[in-house]
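Trainee: Sharing a structure with you now.
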Amino acid sequence: MGIALNTLLMLIVAVSITGVINRTRALLAGRKGLPFLQHIYNARLMLRKGAVYSTTTTALFKIAPAVYLGAAIVAMLFIPVADLYPLISFEGDVICFAYLLALGRVALILAAMDTGSSFEGMGASREALYGALIEPAMMIGFATLAMFCGYTSFADIFAHEQSLNIHLTIVMLLTAYLFIKITFVESGRVPVDDPRTHLELTMIHEVMCLDYCGVDMAMIQIAGWLKTASLSMLAANAIAATGCFHWWLATPLAILLTGVSVGVVESTQARNKLLRNTTFIVTISALAALIFFIGFLLQLNINI
Amino acid sequence: MFYLGLLLTLALLVAALFITPLRYKVWTALAFVTTAAIAVACYAISVLAGSKPITLAEAAGPIFGVERFSIDPLSALFLVIIGIAGIATLIYSRGYLAQYLGKKSSAHISLHYVALVTLILSMMLVVMSSGGFSFLLAWELMTIASFILIIFDAQKAEVLRAALAYLIMMHVGFIFLVAGFASLHSVTGSAAFSALPMAFAEGKTILLFVLFLLGFGMKAGMFPMHVWLPEAHPAAPSHVSAIMSGVMIKMGVYGVLRVIWMVQDYSELQIIGFIVLAVGIITGLWGVILAAFQNDVKRLLAYSSIENIGVIFIGLGIAALGQASGNSIVATLAMCGALMHTINHSLFKSLLFFGAGNLYSQMHTTHLNMFGGVAKSMPVTAILFLIATAAICALPPLNGFVGEFMIYLGMLNSVRDGVNTLAAAGGIIALALIGGIVVFAFTKLYSTIFLGSPRDHSVAESVEVDSTRLVAMAIPTAGIILIGIVPQVAINAVKQVTMLFTPSADAIIGDYITPTLSKVSLTALLVILVIALLYVIKSRALRKRTVESGPTWGCGFTSPNIRMQYTGESFSENLEAVATSLTQNTVEGRAVSKSEIFPSAHNYDVRHKDKIDRLFTEWWVELLHIINKRIMRLRTGKINHYILFALLFLVAIFILSLLNII
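So the protein sequences, as listed, match chains D and R.
For the first sequence, the positions run 1135 to 1438 when this note's numbering is used.
For the second sequence, the positions run 445 to 1106 when this note's numbering is used.
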């Protein structure tokens, strides 16, 4: 029962985040905005279409969207909603989660290179670099959670009955902030990447899928939603853990945290110059290391 | 007696290989290796399954006394690795050397096979020897055999240069080993590895450990002694690179393992753990960043071997730290991870080098930017290479993930339990960064070679290689997939070895690691199932709809051409912008400048050389030059000066002998 509810809530989060982003942007721009589920209608439309494949591509190009979506689905099954239990949970599943995201990334990079297009090559190369640089941030974030909660699986980290404690609150809030930052990078949002840019030369994630259409494109988009939902649920869980809150808080929190923050950032900020992106992402990794160190000091109970 | 037997075996080997007709030499060699492999594998597998160590022979050496050749769990593990890789290499060599049979003389081919069999047999001796003279002899035999293998194409100047550099560096390492064994002998009266605890008790731990680490690290490709690897691997034939990179450099890891678990004193083990961890982190990061820069298939693979040695050392360092602080779970996990990674790397790196061999034999180049679209003309090679690529990127559900998973889990446990927190956190950051850049390097490698459109007509005209080579490649592939899908079974291979290091490992593996790995295995199966299901659903849905094909979308540009594809160099350009200070770039030719509106033909070649190279070549030469210059000032050419020098010399001798110094 708990597992079913958990999976259902994850799906709701995945579906809602994009809607909230669109709504926030529309509100800030003074528009009425799209229907809340417009992106779902679009995806449904694409799922009904045929496909056009480039003659340069091999079978890898056709398999890649399945790998990307499959990896995202399995990765999502690791994530608990606050203290509910996810479908898969074992010690060290945090590592599996990170490497499943990597599996999806590799599939998409290879597919992009398979088309032989220089634009998609640019996207692939950038995605590979940013993926490499964000990996330490994610792993050290998990290490911080493991150090503070005493477990190495998501379910145990967040399900554990924590007593209210100021040190835990500090570390959890910082970790939540870190995971939101990682969500921005991993889901290709401003200021790292702009999904709505009109110029292929400046894209990262979107330019990798230029040659996909129809069913394949829909699969890639759905995978993107699931990935975003998983990461933003981690941030929400970290906040929920500060006060032993349950799923009724974590679910709306996951939707609103990412939805509103992405919406606000996208309406108020321009995207980075590409050269700045590396610095931006390395800064996130440095931040992660700093948070780990703060956690380490707090655990030693030094008065600071 | 033993050495006589060894000599007779070698003589028999030489005779047999020289009299066999040219085309059948490979089968004679294979017969030798298979016999040896099966003979030791029987013992090895029984030892790995838990029976007592077996002594096979005794040898009375001329200097260090009687030594034994025996199989304990650690030797057994490496014997299995050597056997599998050796057989695969020999089968592969049949197809690879076929192109040379007409060009090289029969004696040349015979010599090559003699060296190949000797290399495999000497590695078996290395891991069975109890230390001292027999160990050094086998070690030296291994070096010389691999040297002969590297100079197969000795008519090329760069091959000869690389081989000589290899020979010299190996002997520098050999001196450290001799020094290590000699000081061990002088302290304890025995040069066997089993005497190490006695020497360590005398307070020589760190000194002896560093001596052995330098000696073994030279073979393993440890930073900064890795510079021979990226030179020797491109020079050697591909099957030789495969066995050298897959197995021979692991002899260094074997040596470090032998020494490390003889350390009983936990405060010293702590220091050693820090040393090994630091070395692992630096080696791993240096190797992987340099790998991402390379535009030559075999150089890239060579740097990636360095990186994998780094990962293994990170595991060993964490295991030593865990053991030193009494945390057996961390020690067991990290040790299992390091050993599994050793097995895994021997599998996927052999496969990758075999793949590189296929490419070289069909297209006669190893330069990345000459390939492109090979997947269409060589589909089986492309699939096997893809499996190896995914495995080396540590992607689930393949074997690379299993080893790194256990190392990570060891480090996370270390952080969680609050022992060596900062060291483990450093390991996590390094391993994550290494993992990320490996993905970068290998997506670059795979996509530039196999994907896109052919950049050269020879690529478009190439055909798939013969089936014996594909059979040889199937051997490591099977291992990669099996270990990836059922890691809970594969862990049993390293169980006995880990128990040597951590006595309580048995219970930890049974109660903790195996159940966790079963879950990993289920996840792997789930991933495969979900992906397959999604693909089948998609294909079925598309069957009834219109599926068209057309040119790649050019983003509004109407005449894109093949030369515009992303090359290896352009793929890694953004990483170079971040890490450019690590390499020394040499540029040949001229790039197209921005002011050229209608560019003419240009020749432009960038190479990213390792800065550490200088440490072993130019740096010494420059130092010698400077010293030389200073000394040359004394050579004035005036006889009165020379008489003065002679007088000064005599006075110096006189004073020194007065003071009883000489």
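In this text, a Cβ means the ideal position worked out from N, Cα and C, and glycines have one as well.
All of these numbers come straight from a predicted model, not from anything done at the bench.
By Cβ distance, which residues of its chain are closer than 7 Å to ALA1245 (chain D), with the 5 residues on each side in sequence left out?
Mentor: Looking up residue 1245 (chain D) in the first sequence gives position 111. Closer than 7 Å at the Cβ level, and outside the excluded window around ALA1245 (chain D), lie LEU1194, PHE1195, ALA1198.
Trainee: Could you list which residues in chain D have their beta carbon closer than 8 Å to that of PHE718 (chain R), in chain order?
Mentor: One-based indexing of the second sequence puts residue 718 (chain R) at position 274. Residues of chain D passing the Cβ test: none, with the nearest at roughly 17 Å.
Trainee: Please list, in chain order, all residues of the same chain as GLY724 (chain R) whose beta carbon is under 6 Å from its beta carbon, the five residues on each side excluded.
Mentor: Here residue 724 (chain R) refers to the residue found at position 280 when the second sequence is read from its first residue. Excluding sequence neighbours, GLY724 (chain R) sits near GLY754, PHE757, ILE758, GLY761.
Trainee: At 4 residues or longer, and completely inside the stretch 1246-1288 of chain D: list those alpha helix (DSSP H) runs for me, N to C.
Mentor: For the stretch 1246-1288 of chain D, whole alpha helix (DSSP H) runs of length 4 or above, ordered along the chain, are 1252-1283.
Trainee: Can you tell me the Cα-Cα spacing of ARG860 (chain R) and ALA1241 (chain D), whole angstroms?
Mentor: Within the second sequence, residue 860 (chain R) is the residue found at index 416, counting from 1. Within the first sequence, residue 1241 (chain D) is the residue found at index 107, counting from 1. Between ARG860 (chain R) and ALA1241 (chain D), the C-alpha separation is close to 33 Å.
Trainee: How many Å lie between LEU1181 (chain D) and ILE1174 (chain D) at the Cα?
Mentor: Counting from 1 along the first sequence, the entry for residue 1181 (chain D) is found at position 47. Counting from 1 along the first sequence, the entry for residue 1174 (chain D) is found at position 40. Near 10 Å, if we compare the C-alpha coordinates of ILE1174 (chain D) and LEU1181 (chain D).
Trainee: Measuring only the C-alpha atoms, how far is ILE1415 (chain D) from ALA736 (chain R)?
Mentor: Position 281 of the first sequence, counted from the first residue, corresponds to residue 1415 (chain D). Position 292 of the second sequence, counted from the first residue, corresponds to residue 736 (chain R). Cα to Cα, the separation comes out at about 19 Å.
Trainee: Please give me, in chain order, every unbroken run of the beta strand (DSSP E) with length at least 3 that falls completely inside the stretch 484-564 of chain R.
Mentor: Runs of the beta strand (DSSP E) inside the stretch 484-564 of chain R: 498-504, 510-515.
Trainee: Which residues in the same chain as THR1191 (chain D) place their Cβ atom closer than 7 Å to its Cβ, once the five residues preceding and following it in sequence are excluded?
Mentor: Here residue 1191 (chain D) corresponds to residue number 57 of the first sequence, with the count starting at 1. Excluding residues within five positions, the ones whose Cβ falls inside 7 Å are ASP1248, THR1249.
Trainee: In whole angstroms, what separates the C-alpha of GLU1261 (chain D) from that of MET1337 (chain D)?
Mentor: The residue given as residue 1261 (chain D) occupies position 127 in the first sequence. The residue given as residue 1337 (chain D) occupies position 203 in the first sequence. Each residue's alpha carbon lies about 10 Å from the other.
Trainee: Return the Cβ separation of GLN708 (chain R) and PHE620 (chain R) in integer angstroms, given the expectation that the two are a contact with Cβ distance under 8 Å.
Mentor: Stepping through the second sequence from its first residue, residue 708 (chain R) is reached at position 264. Stepping through the second sequence from its first residue, residue 620 (chain R) is reached at position 176. GLN708 (chain R) to PHE620 (chain R), Cβ: 23 Å. No contact.
Trainee: Within a Cβ cutoff of 7 Å, which residues of the same chain sit near ALA589 (chain R), ignoring the five residues on either side of it in sequence?
Mentor: The residue you call residue 589 (chain R) lines up with position 145 of the second sequence. Only ALA559, THR562, LEU563, SER566 meet the Cβ criterion.
Trainee: Please tell me whether GLU1340 (chain D) has its Cβ less than 9 Å away from any Cβ of chain R.
Mentor: In the first sequence, the residue the question calls residue 1340 (chain D) occupies position 206. With 9 Å as the cut-off, GLU1340 (chain D) does not count as an interface residue toward chain R.
Trainee: DSSP puts GLN1028 (chain R) in a beta bridge; with which residues?
Mentor: Looking up residue 1028 (chain R) in the second sequence gives position 584. DSSP, once it has assigned bridges, lists R:LYS1053 as partnering GLN1028 (chain R).
Trainee: State the beta-bridge partners of GLU992 (chain R) as determined by DSSP.
Mentor: Indexing the second sequence from 1 puts residue 992 (chain R) at position 548. In DSSP, GLU992 (chain R) forms a bridge with D:VAL1186.
Trainee: Taking Cβ positions only, does GLU1320 (chain D) come closer than 9 Å to chain R?
Mentor: Taking the first residue of the first sequence as position 1, residue 1320 (chain D) is located at position 186. Answer no: the Cβ-Cβ gap between GLU1320 (chain D) and chain R never drops below 9 Å.
Trainee: Taking Cβ positions only, does CYS837 (chain R) come closer than 9 Å to chain D?
Mentor: Walking along the second sequence from the start, residue 837 (chain R) turns up at place 393. Yes, because at least one Cβ of chain D sits closer than 9 Å to the Cβ of CYS837 (chain R).
Trainee: Going by the CB atoms, is the gap between PRO674 (chain R) and TYR747 (chain R) shorter than 9 Å?
Mentor: Here residue 747 (chain R) refers to the residue found at position 303 of the second sequence. Here residue 674 (chain R) refers to the residue found at position 230 of the second sequence. Result yes, Cβ atoms of TYR747 (chain R) and PRO674 (chain R) sit closer than 9 Å.
Trainee: Cα-Cα, which of R:TYR557, R:LEU734, R:ALA819, R:TRP471 is closest to THR1108 (chain R)?
Mentor: Nothing can be reported for residue 1108 (chain R), as the shown portion of chain R is limited to 445 through 1106.
Trainee: Rounding to the nearest angstrom, what Cα-Cα distance links GLY1265 (chain D) and ALA1374 (chain D) in this structure?
Mentor: Locating residue 1265 (chain D) in the first sequence gives position 131, counting from the first residue. Locating residue 1374 (chain D) in the first sequence gives position 240, counting from the first residue. GLY1265 (chain D) and ALA1374 (chain D): Cα-Cα distance of roughly 28 Å.
Trainee: Check whether the Cβ of GLN1433 (chain D) lies closer than 9 Å to any Cβ atom in chain R.
Mentor: By one-based count along the first sequence, residue 1433 (chain D) stands at place 299. GLN1433 (chain D) counts as touching chain R.
Trainee: Going by DSSP, what residue range makes up the alpha helix (DSSP H) through LEU1091 (chain R)?
Mentor: As a working note, residue 1091 (chain R) is residue 647 in the second sequence. Where LEU1091 (chain R) is concerned, the enclosing alpha helix (DSSP H) stretches over 1083-1102.
Trainee: Work out the CA separation of LEU569 (chain R) and ALA582 (chain R) for me, nearest whole Å.
Mentor: Sequence index remark: in the second sequence, residue 582 (chain R) carries index 138 (1-based). Sequence index remark: in the second sequence, residue 569 (chain R) carries index 125 (1-based). When rounded, the distance between both Cα atoms is 6 Å.
Trainee: Using a beta-carbon distance cut-off of less than 9 Å, what residues from the stretch 1185-1196 of chain D approach chain R?
Mentor: Listed by position, the residues of the stretch 1185-1196 of chain D near chain R (Cβ gap below 9 Å) are ALA1185, VAL1186, TYR1187, SER1188, THR1189, THR1190, THR1191, THR1192, ALA1193, LEU1194, PHE1195, LYS1196.
Trainee: Using CA coordinates, which residue listed in D:ILE1222, D:SER1252, D:VAL1228 is at the minimum distance from SER1003 (chain R)?
Mentor: As a working mapping, residue 1003 (chain R) is identified with position 559 in the second sequence. Checking every option, the nearest Cα to that of SER1003 (chain R) belongs to D:SER1252.
Trainee: Report the rounded CA-to-CA distance for SER1287 (chain D) versus TYR710 (chain R), giving the unit in angstroms.
Mentor: In the first sequence, counting from the first residue as 1, residue 1287 (chain D) sits at position 153. In the second sequence, counting from the first residue as 1, residue 710 (chain R) sits at position 266. Roughly 30 Å separates the two Cα atoms.
Trainee: So for ALA601 (chain R), helix, strand or coil by DSSP?
Mentor: Taking the second sequence and counting its residues from 1, the one referred to as residue 601 (chain R) is at position 157. Helix at ALA601 (chain R).
Trainee: Quick check on DSSP: helix, strand or coil for ASP740 (chain R)?
Mentor: Mapped onto the second sequence, residue 740 (chain R) falls at position 296. Three-state DSSP puts ASP740 (chain R) in a strand.
Trainee: Could you list which residues in chain R have their beta carbon closer than 8 Å to that of LEU1387 (chain D), in chain order?
Mentor: Looking up residue 1387 (chain D) in the first sequence gives position 253. Within 8 Å Cβ-Cβ: nothing; LEU1387 (chain D) doesn't reach chain R, min ~26 Å.
Trainee: Would you tell me roughly how many angstroms separate the C-alpha atoms of MET855 (chain R) and THR825 (chain R), rounded to the nearest one?
Mentor: Taking the second sequence and counting its residues from 1, the one referred to as residue 855 (chain R) is at position 411. Taking the second sequence and counting its residues from 1, the one referred to as residue 825 (chain R) is at position 381. Approximately 36 Å between the Cα atoms of the pair.
Trainee: Does any residue of chain R bring its CB to less than 9 Å from the CB of ALA1423 (chain D)?
Mentor: Mapped onto the first sequence, residue 1423 (chain D) falls at position 289. So yes, ALA1423 (chain D) belongs to the interface.
Trainee: Smallest Cα separation from SER1223 (chain D): which of R:THR865, R:LEU978, R:VAL964?
Mentor: In the first sequence, the residue the question calls residue 1223 (chain D) occupies position 89. The shortest C-alpha separation from SER1223 (chain D) is found at R:VAL964.
Trainee: Under 9 Å between beta-carbons, which chain R residues line up against ILE1174 (chain D)? List them in chain order, please.
Mentor: Sequence index remark: in the first sequence, residue 1174 (chain D) carries index 40 (1-based). None at all; the shortest Cβ gap to chain R is about 18 Å.
Trainee: Specify the secondary structure class of TYR1346 (chain D) as computed by DSSP and reduced to three states.
Mentor: Translated into positions along the first sequence, residue 1346 (chain D) becomes position 212. TYR1346 (chain D): coil per DSSP, three-state reduction.
Trainee: Helix, strand or coil, according to DSSP, for SER1150 (chain D) in the structure here?
Mentor: Start at 1 with the first residue of the first sequence, and residue 1150 (chain D) comes out as number 16. Of the three classes helix, strand and coil, the one that applies to SER1150 (chain D) here is helix, per DSSP.
Trainee: Quick check: what's the CA-CA separation for PHE884 (chain R) versus SER1259 (chain D)?
Mentor: In the second sequence, residue 884 (chain R) corresponds to position 440, counting from 1. In the first sequence, residue 1259 (chain D) corresponds to position 125, counting from 1. Roughly 8 Å separates the two Cα atoms.
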